[in-house]
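Q: Quick note on numbering: numbering that gives the first Met the number 0 labels position 228 of the sequence shown as 227, and the sequence is numbered without any gaps.
Even glycine gets a Cβ: it sits at the ideal position worked out from N, Cα and C.
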Amino acid sequence: MNDGKYEFLRVRREFLHPFVTAVGSFTEVERILIKTEMDGKIGFGEVAPWPNFDTESISDCLELLNTFAGNLYKLNAHLKELEGEFPCLRAALSSCRHWEEIANFNKKTSWAGLVSKPTEESIGRKIAEGFKTLKLKISPLTSFSSIKSLISAAPKNIIFRLDANGSLNLQEAEQWVNFALSSDQVEFIEQPLPVNHPGYNQLDTKKIALDESFISPHEFNWAGPVVVKPSLVGDWDVFLAWRKTHSNKVIYSSVFETAFGRQAGLWLAHLDPAVGTVGFDTLNQFKDDGLDRHQSGPVVGGLSNFDWLALWRKFK
Ligand SMILES: [Mg+2]
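(1) Going along the chain, which residues of its own chain have a beta-carbon closer than 8 Å to the beta-carbon of phenylalanine 285, five neighbours each way excluded?
(2) Taking just the CA atoms, how far does lysine 107 sit from alanine 273?
(3) Regarding asparagine 195 and ligand 1, is the C-beta to nearest heavy atom distance less than 7 Å?
(4) Is the separation between the beta-carbon of proline 197 and that of leucine 167 shorter than 8 Å?
(5) For ligand 1, I want to know if aspartate 280 counts as a neighbour, meaning its beta carbon is within less than 7 Å of at least one of the ligand's heavy atoms.
(6) What's the gap between the Cα of glutamine 190 and the Cα of aspartate 38?
(7) Within 7 Å: the Cβ of glutamate 186 and any heavy atom of ligand 1?
(8) Counting pairs of beta carbons, one from the stretch 230-246 and one from the stretch 86-93, are three or more of them closer than 8 Å?
(9) Since isoleucine 122 contacts leucine 113 with CB under 8 Å, what's their CB separation in whole angstroms?
(10) Just to confirm my understanding: we take glycine 260, look at its own chain, exclude 5 residues before and 5 after, and list those with CB closer than 7 Å. What are they?
(11) Under a criterion of Cβ closer than 6 Å to any non-hydrogen atom of ligand 1, which residues qualify, in chain order?
(12) Would you list, in sequence order, the uninterrupted alpha helix (DSSP H) runs of no fewer than 4 residues that lie entirely inside the stretch 144-206?
(13) Judging by CA-CA distance, which residue of Gly129, Phe143, Ala102 and Glu99 is the nearest neighbour of threonine 118?
(14) What's the C-alpha gap between glycine 23 and leucine 192?
(15) If we require 3 or more residues per run, which beta strand (DSSP E) segments fall completely within the stretch 5-74?
(16) Can you tell me whether alanine 273 is helix, strand or coil according to DSSP?
(17) My understanding is that phenylalanine 316 touches isoleucine 31, with C-beta atoms under 8 Å, so please give their C-beta distance in whole angstroms.
(18) Using a threshold of 8 Å, state whether the C-beta atoms of isoleucine 188 and leucine 169 are closer than that.
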């Protein structure tokens, strides 16, 4: 019996321009690409943690991968004992397990356009590219009235998602949430307050999408929308079981994965019969490192007939 083996490689990706959110400015990210082999079948997965999300770090993960020296059976047995830790690695190994289906995935999904610095010009550019939903980053420094007027100046069929990355206080959050509730063009406010902030109990959940607060489905209780990052959500079979019993609106979202993680994340999103517009407009953000392969735009398909092994070999 073949218990399987794995190899891995660490990649560093440099942003073209520092990527700024309410929690900081980032010049690069690191990822671990994993290749598994079991019963003659090859799988790929990507470990892609993201700042301010409470998961394992790249170095935690490397330590574990080095410990089991390529023995997939031992790695899986160890993860089974840890119960829920290492969500990024669990997601990556889920991708490896489902790789045959993932590699064939070519369906199209609608993408929300990411606007990190909202101005009339940057919003206008995304609308001209054909995006119907736009995601704007907001923070305590964002002028409430300027966002309000940017939204009211946009065509009425354009929908906005506003992401605060947990940076607001309760009073600020209330202002944004009330605005969202009063505007048909605002789909939701994403993570207005920090993780576990008691103020969430006082806010109307209808238009609040939790993101940083939702790492894995374990003991998660929220009636409103939920942002699911396939790369951070832990074991995908556990997530899919959770999804079947929960009717929350789910927004699938990227963490700047390479093509491996992107293909897998889009596949997972598409398994959801209620998949709406996904948040995968994170291409063209890195110096050209050969690790992005999908097209970008308002409607994008998976990469089928792609030689994933050749891409792996380029970097290994
Ligand atoms: Mg977010």
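A: Short version:
(1) Arg12, Glu13, Phe14, Leu15, Phe255 and Asp291
(2) 14 Å
(3) Answer for asparagine 195: no, Cβ out of range of ligand 1.
(4) no
(5) no
(6) Glutamine 190 and aspartate 38 have their alpha carbons spaced roughly 43 Å apart.
(7) no
(8) yes
(9) The Cβ separation is near 11 Å, so there is no contact.
(10) Glu45, Ala47 and Ser230
(11) Asp162, Asn164, Glu189, Gln190, Asp210 and Val226
(12) 169-181
(13) Looking at Gly129, Phe143, Ala102 and Glu99, the one whose alpha-carbon comes closest to that of threonine 118 is Phe143.
(14) Glycine 23 and leucine 192 have their alpha carbons spaced roughly 16 Å apart.
(15) 23-37 and 40-46
(16) coil
(17) For residue 316 there is no data in the structure shown, the boundaries of the chain being 0 and 315.
(18) No, the pair does not count as a contact, with Cβ atoms beyond the cut-off.
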